[in-house]
Ligand SMILES: [Zn+2]
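In my numbering, the protein residues as written are 267 to 526.
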């Protein structure tokens, strides 16, 4: 049984993002394949851990206070504004009160959203960590195993609608091991597999700058025993993930950026 096409769909399956036909084919496969069921269980519990442990960015207290003050002042002003005598007073007054209440609801809903919305980059980080963990669990980190970038790049380009930059980092201590396809950020993506001593480094690559900040400077996260370095350039979005320590993973990212 070939599990790799199904494995790629497990993430969107878990997110309820597949069309009914594809979801049904995943369900049928899962009924007959306990290896994929195990992967799905692991992904689902990893996801729960990330959901409960991922940092939420809270607005600084001064901002929250300023919003509350503005909100309070605006509704008071709206209520205090005298209704013109020449117009039907009751209707006008009720209208203004209604508008103030509506504004209060809108502002407080926005404030709640600002205070609790998770960083959108976290959704991507979660998918990348899932993909890395999934390939480690199934023991299939590569679909094309080669240290030759002239073999890895065409293999990936033939299966994707873009051509990921594959560089040789052997002299820097990060030999290329191969590549595979995965599914992240709602699209098929390239995963370049590098090594450093006994550690595997997955470099997720896809076109377009997904970063909210749009910064070229790499950002480093540590979650669930994995280190993640994320950066973008003019053409591509990059996520490097490994159980390698963060300093070595950042060195990998810098070497890749220089060699590209
Ligand atoms: Zn399977």
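By construction, the Cβ of each residue, glycine as well, lies at the ideal position given by its N, Cα and C atoms.
Reduced DSSP category for residue i - H, G, I as helix; E, B as strand; rest coil
i	result
residue 408	coil
residue 461	strand
residue 306	helix
residue 486	strand
residue 435	strand
residue 413	coil
residue 429	coil
residue 287	helix
residue 501	coil
residue 282	coil
residue 276	helix
residue 454	strand
residue 441	coil
residue 534	Lying outside 267 to 526, the shown extent of the chain, residue 534 is not represented and no answer is given.
residue 511	coil
residue 506	strand
C-beta contact flag for residue i and residue j at 8 Å
i	j	result
residue 507	residue 394	yes
residue 446	residue 305	no
residue 509	residue 491	yes
residue 518	residue 460	yes
residue 525	residue 435	yes
residue 444	residue 502	no
residue 273	residue 437	no
residue 281	residue 309	no
Between the CA atoms of residue j and residue i - distance to the nearest angstrom
i	j	result
residue 467	residue 314	24 Å
residue 397	residue 387	15 Å
residue 286	residue 279	10 Å
residue 271	residue 487	29 Å
residue 283	residue 275	9 Å
residue 504	residue 522	10 Å
residue 440	residue 458	12 Å
residue 426	residue 453	10 Å
residue 485	residue 516	9 Å
residue 465	residue 413	15 Å
residue 268	residue 512	35 Å
residue 456	residue 424	11 Å
residue 376	residue 451	Here the model assigns residue 376 a pLDDT of 47, short of 50, so the residue's position is not dependable, and the following value carries that caveat. Taking the straight line joining both Cα atoms gives about 25 Å.
residue 300	residue 289	17 Å
residue 462	residue 416	20 Å
residue 442	residue 307	30 Å
residue 295	residue 402	20 Å
residue 312	residue 500	32 Å
residue 475	residue 389	15 Å
residue 520	residue 406	27 Å
Short CB-CB distance (under 8 Å) between residue i and chain C
i	result
residue 493	In the structure shown, chain C does not exist; there is a single protein chain.
Exposure label - residue i; buried when at least 16 CB within 10 Å
i	result
residue 419	buried
residue 498	buried
residue 297	exposed
residue 302	buried
residue 496	buried
residue 391	buried
residue 292	buried
_Segment contact flag, the segment 415-435 with the segment 469-476, C-beta cutoff 8 Å, min 3 pairs_ = yes
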